[in-house]
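Novice:
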Amino acid sequence: MRAPLLYGLAGSLALTAMSVTPASGAPADQPPAGAPEMRGVALAAERAAAAGIKFGKCPTIEGLPAPIQCGTMFVPLNYAQPEGRQLELTVSRVPAAGKKDERQGSLVFNPGGPGASGMYFPLVGSFPEWKNIARAYDMVGYAPRGVGRSAPLSCQNPKDFAKAPTLSPSHPDATFKKERIARAKAYAQGCLKNAGEALQHYNTLNNARDLDVLRAALGEKKLNFVGASYGTYFGAVYATMFPTHVRRMVFDSAVNPAPHQIWYRNNLEQSLAFERRWADFRAWVAKHDKTYKLGRTPAEVQRSYDKVRAQIAAKPAGGKVGTAQLQAAYLKAGYYDDYWPQRAHALAEYLRGNDKPLVAQASNHPEAAAEDENGNAVYTAVECNDAPWPTDWRVWDRDNSRLARIAPFETWDNAWMNLPCAYWPAPRQQPVDVRVAEGALPPTLIMAAERDAATPYEGALELHRRLPGSALVTEREAGTHGISGGPNPCINGHMDAYLINGQLPVRRAACAPHPEPKPMAAPK
1493 MRAPLLYGLA GSLALTAMSV TPASGAPADQ PPAGAPEMRG VALAAERAAA AGIKFGKCPT
1553 IEGLPAPIQC GTMFVPLNYA QPEGRQLELT VSRVPAAGKK DERQGSLVFN PGGPGASGMY
1613 FPLVGSFPEW KNIARAYDMV GYAPRGVGRS APLSCQNPKD FAKAPTLSPS HPDATFKKER
1673 IARAKAYAQG CLKNAGEALQ HYNTLNNARD LDVLRAALGE KKLNFVGASY GTYFGAVYAT
1733 MFPTHVRRMV FDSAVNPAPH QIWYRNNLEQ SLAFERRWAD FRAWVAKHDK TYKLGRTPAE
1793 VQRSYDKVRA QIAAKPAGGK VGTAQLQAAY LKAGYYDDYW PQRAHALAEY LRGNDKPLVA
1853 QASNHPEAAA EDENGNAVYT AVECNDAPWP TDWRVWDRDN SRLARIAPFE TWDNAWMNLP
1913 CAYWPAPRQQ PVDVRVAEGA LPPTLIMAAE RDAATPYEGA LELHRRLPGS ALVTEREAGT
1973 HGISGGPNPC INGHMDAYLI NGQLPVRRAA CAPHPEPKPM AAPK
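So the sequence shown is numbered by this note's numbering: it starts at 1493 and just counts up by one.
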């Protein structure tokens, strides 16, 4: 997931049950083979296979250097009407670097979101961690429907979306809540105004269908796919819908695919998991108190952070950073521990009277406003369209107020991000019941960090249960979100063995954590 998702809350909080599994136990809203949507996919894939993708120099707007090549493909807006409006999706590629007899086809990557673009992905083939895979596969990235230049979706003026400084109280009062409700309603209506009837077609089912058309356009009979975060969810939906089209599939940092989790409960549980990861960060800072002087215990570090929050609430840092911008910057420390040294350094410098590092790390960048707003629009549309959400504000208020008592770090910011789904003007779907029969799907590889906050570890366990023949590799005592091709050679070795040789570890395997980051000393 691109933003606030979850971990097992059931034992600690009484939360709203959002059961959406059909009584029959059949995959919800998954059309049977003869349904119009499935015929539409088959027709679109046939056309894409015949047309192929004409790769050439990437447009300047993509900012992608050679040797990356770019091209486009077409998919139906509505697969039930495959002859109707078509969307043009952008695709990027670097051909396999190895000899002809080493090539195993195309490897398609999706970084998640929803709303993230994978156009940059072919660049990683030059990194040491990916070089073996890049010899065997054409490295293929793309921008899903609605993202970037792929029929871009927008719900709000980017300047308004990037407005700063703004407030983000950990325990909002009734007045602040009313203001956020009004903003959520306006945002949802903005999505409808800009997209019209097409809004309902930005969803996970169509992302999975688009992926099958991309497979055909690349000339592949079987799909090789790496999905990270949300990419694991729609990859799992793809595997459920098209199991015979899968060759190899890697799920990196798995979303919990259980239908009752999509998406309301997943986001609640994500907020709880971010509280634990925030505690990991504070413990690391306390361990390096000689460097940062922010406190010898996690509680003392929290007091230092709260002091910074209070000062910024009264006077935004550099006139640009309010508590909302501060929160967004430090949320990244929950995703990736390589942010820890610079985030701790910025706090320490601020308390010494130097706000420049904090302003540099937490300011909104005007040049990224359009991209950020676009990503948020797609995120919102997909999550709101995918599943039922509570439509009564009292449910949201009750659940998030309870959760914020034990997990104040991210709970309310997560709620505000998703609140447009309470007032969503497009039809809702029932989530697909992700699962395949024994032997119906080739063996797949699931990888997860034990303390991942964005996609809590329970999601990997649940996906593992639902995909017979899958193997689960766990990075113990680590919490980085997205571990493939990262700093852990054990993780990378398992991915290489699977993608290059088709070899999986035992059903459950574990890797020691990658090293903790080293502290960043303040300049003298």
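Virtual Cβ for every residue (Gly too), placed ideally from N, Cα, C.
The structure displayed is predicted, hence computed values, not measured ones.
Going straight from the alpha carbon of ASN1570 to that of GLU1529, what length do you get?
Specialist: As a first step, residue 1570 is located in the sequence shown; it is residue number 78 there, counting from the start. As a first step, residue 1529 is located in the sequence shown; it is residue number 37 there, counting from the start. Approximately 8 Å between the Cα atoms of the pair.
Novice: Buried or exposed for ALA2004, please, with buried defined as at least 16 other CB atoms from any protein chain shown within 10 angstroms of its CB.
Specialist: For the purposes of this step, residue 2004 is identified with residue 512 of the sequence shown, where counting begins at 1. Under this definition ALA2004 is an exposed residue.
Novice: Out of TYR1915, ALA1873 and LEU1850, state which residue places its alpha-carbon closest to the alpha-carbon of PRO1882.
Specialist: Along the sequence shown, one-based indexing puts residue 1882 at 390. Considering only alpha carbons, the answer is TYR1915.
Novice: According to DSSP, is PHE1653 helix, strand or coil?
Specialist: As a working note, residue 1653 is residue 161 in the sequence shown. Residue state, collapsed to three classes: helix.
Novice: Name the DSSP bridge partner or partners of VAL1777?
Specialist: Indexing the sequence shown from 1 puts residue 1777 at position 285. Per DSSP, none; premise fails for VAL1777.
Novice: Which residues in the same chain have their Cβ closer than 6 Å to the Cβ of ARG1595, if we skip the five residues on either side of it in sequence?
Specialist: Counting from 1 along the sequence shown, the entry for residue 1595 is found at position 103. Here the set comprises ALA1588.
Novice: Taking the alpha helix (DSSP H) that THR1732 belongs to, which residues open and close that run?
Specialist: What you label residue 1732 is simply residue 240 of the sequence shown in a count that begins at 1. Per DSSP, THR1732 belongs to the alpha helix (DSSP H) from 1722-1733.
Novice: Give every residue of the same chain whose Cβ lies closer than 6 Å to the Cβ of GLU1538, excluding the five residues on either side of it in the sequence, and list them in chain order.
Specialist: Counted from its first residue, the sequence shown places residue 1538 at position 46. The answer is none, since no qualifying residue turns up.
Novice: Secondary structure at PRO1948, three-state DSSP: helix, strand or coil?
Specialist: Your numbering for residue 1948 matches position 456 in the sequence shown. Looking at PRO1948 - three-state DSSP - the assignment turns out to be coil, as it is neither helix nor strand.
Novice: Along the chain, where does the beta strand (DSSP E) containing MET1631 start, and where does it finish?
Specialist: Mapped onto the sequence shown, residue 1631 falls at position 139. 1630-1634 is the extent of the beta strand (DSSP E) around MET1631.
Novice: Pull the bridge partners of GLY1548 from the DSSP assignment, please.
Specialist: The residue labelled residue 1548 in the question sits at position 56 within the sequence shown. Its beta-bridge partners are CYS1562.
Novice: Distance, Cα to Cα, GLN1648 vs PRO1858?
Specialist: Your numbering for residue 1648 matches position 156 in the sequence shown. Your numbering for residue 1858 matches position 366 in the sequence shown. Their backbone Cα atoms lie some 15 Å apart in a straight line.
Novice: In angstroms, rounded to a whole number, what distance separates the CA positions of TYR1831 and LEU1991?
Specialist: Along the sequence shown, one-based indexing puts residue 1831 at 339. Along the sequence shown, one-based indexing puts residue 1991 at 499. Using only the alpha carbons, I get a separation of about 29 Å.
Novice: Where do the ends of the beta strand (DSSP E) carrying GLN1578 lie?
Specialist: To locate residue 1578, count along the sequence shown from 1; it is residue 86. That run of the beta strand (DSSP E) goes 1578-1586.
Novice: Examine the Cβ distances between the region 1658-1666 and the region 1889-1909 and report whether three or more of them are shorter than 8 Å.
Specialist: Yes: at least three Cβ pairs fall under 8 Å.
Novice: Report the rounded CA-to-CA distance for THR1658 versus GLN1817, giving the unit in angstroms.
Specialist: Within the sequence shown, the letter at position 166 stands for residue 1658. Within the sequence shown, the letter at position 325 stands for residue 1817. In a straight line, the C-alpha of THR1658 is about 7 Å away from that of GLN1817.
Novice: Three Cβ pairs or more, each shorter than 8 Å: is that satisfied between the region 1756-1774 and the region 1810-1829?
Specialist: Verdict: yes, contact present.
Novice: Quick one: what's GLY1719 bridged to in DSSP?
Specialist: Here residue 1719 is taken as the residue at index 227 of the sequence shown, counted from 1. DSSP, once it has assigned bridges, lists ASN1602 and PHE1743 as partnering GLY1719.
Novice: Alpha carbon to alpha carbon, how far is ALA1854 from ALA1838? Give it in angstroms, no decimals.
Specialist: Locating residue 1838 in the sequence shown gives position 346, where the first residue counts as 1. Locating residue 1854 in the sequence shown gives position 362, where the first residue counts as 1. Near 10 Å, if we compare the C-alpha coordinates of ALA1854 and ALA1838.
Novice: Considering only residues of the same chain and omitting the five flanking positions on each side of GLY1867, which have a CB-CB separation below 6 Å?
Specialist: On the sequence shown, residue 1867 is found 375 positions in, with the first residue counted as 1. Cβ within range, chain order: GLY1607.
Novice: I'd like to confirm the pairing. Which residues does DSSP put opposite THR1658 in its beta bridges?
Specialist: Counting from 1 along the sequence shown, the entry for residue 1658 is found at position 166. Bridge partners of THR1658: none, in fact.
Novice: Enumerate in chain order the residues of its own chain whose CB-to-CB distance from ALA1731 is below 8 Å, with the five nearest sequence positions on each side excluded.
Specialist: Numbered from its first residue, the sequence shown carries residue 1731 at position 239. Excluding sequence neighbours, ALA1731 sits near VAL1738, MET1741, VAL1926, VAL1928, LEU1933, THR1936 and LEU1959.
Novice: Should THR1667 be labelled buried (16 or more other beta-carbon atoms within 10 Å of its own) or exposed?
Specialist: For the purposes of this step, residue 1667 is taken as residue 175 along the sequence shown, with counting starting at 1. Label assigned to THR1667: exposed.
Novice: Pull up the distance between the alpha-carbon of LEU2023 and that of ASP1944, whole angstroms please.
Specialist: This structure gives no information on residue 2023, because the portion of the chain shown stretches from 1493 to 2016.
Novice: Across which residues does DSSP place PRO1568 in a beta bridge pair?
Specialist: As a position in the sequence shown, residue 1568 is number 76, starting the count at 1. In the DSSP output, where bridge partners are listed per residue, PRO1568 has GLN1578.
Novice: Would you grab the beta carbon distance between SER1609 and LEU1710 for me? Rounded to a whole angstrom, and I think it's under 8 Å.
Specialist: Translated into the one-based positions of the sequence shown, residue 1609 becomes position 117. Translated into the one-based positions of the sequence shown, residue 1710 becomes position 218. At roughly 18 Å, the Cβ-Cβ gap does not stay under 8 Å, so SER1609 and LEU1710 are not in contact.
Novice: Over what stretch of residues does the beta strand (DSSP E) that includes PRO1938 continue unbroken?
Specialist: As a first step, residue 1938 is located in the sequence shown; it is residue number 446 there, counting from the start. The sequence as given places Ile at residue 1938; Pro does not occur at that position. From DSSP, the beta strand (DSSP E) with ILE1938 extends over 1937-1941.
Novice: Which ranges would you report for the alpha helix (DSSP H) in the region 1843-1888 if only whole runs of at least 4 residues count?
Specialist: Here the runs fully enclosed are 1848-1854 and 1861-1878.
Novice: Roughly how many angstroms lie between the CA atoms of GLY1719 and HIS1973, to the nearest whole one?
Specialist: As a first step, residue 1719 must be located in the sequence shown, where it is residue number 227. As a first step, residue 1973 must be located in the sequence shown, where it is residue number 481. Cα to Cα, GLY1719 sits roughly 12 Å from HIS1973.
Novice: In the DSSP assignment, what residue or residues form a beta bridge with THR1903?
Specialist: If you number the sequence shown from 1, residue 1903 lands on position 411. For THR1903, which the question treats as bridged, DSSP gives no partner whatsoever.
Novice: Nearest by alpha-carbon distance to LEU1911: which of LYS1670, VAL1583 and ALA1542 is it?
Specialist: Within the sequence shown, the letter at position 419 stands for residue 1911. That would be LYS1670, whose Cα lies nearest to the Cα of LEU1911.
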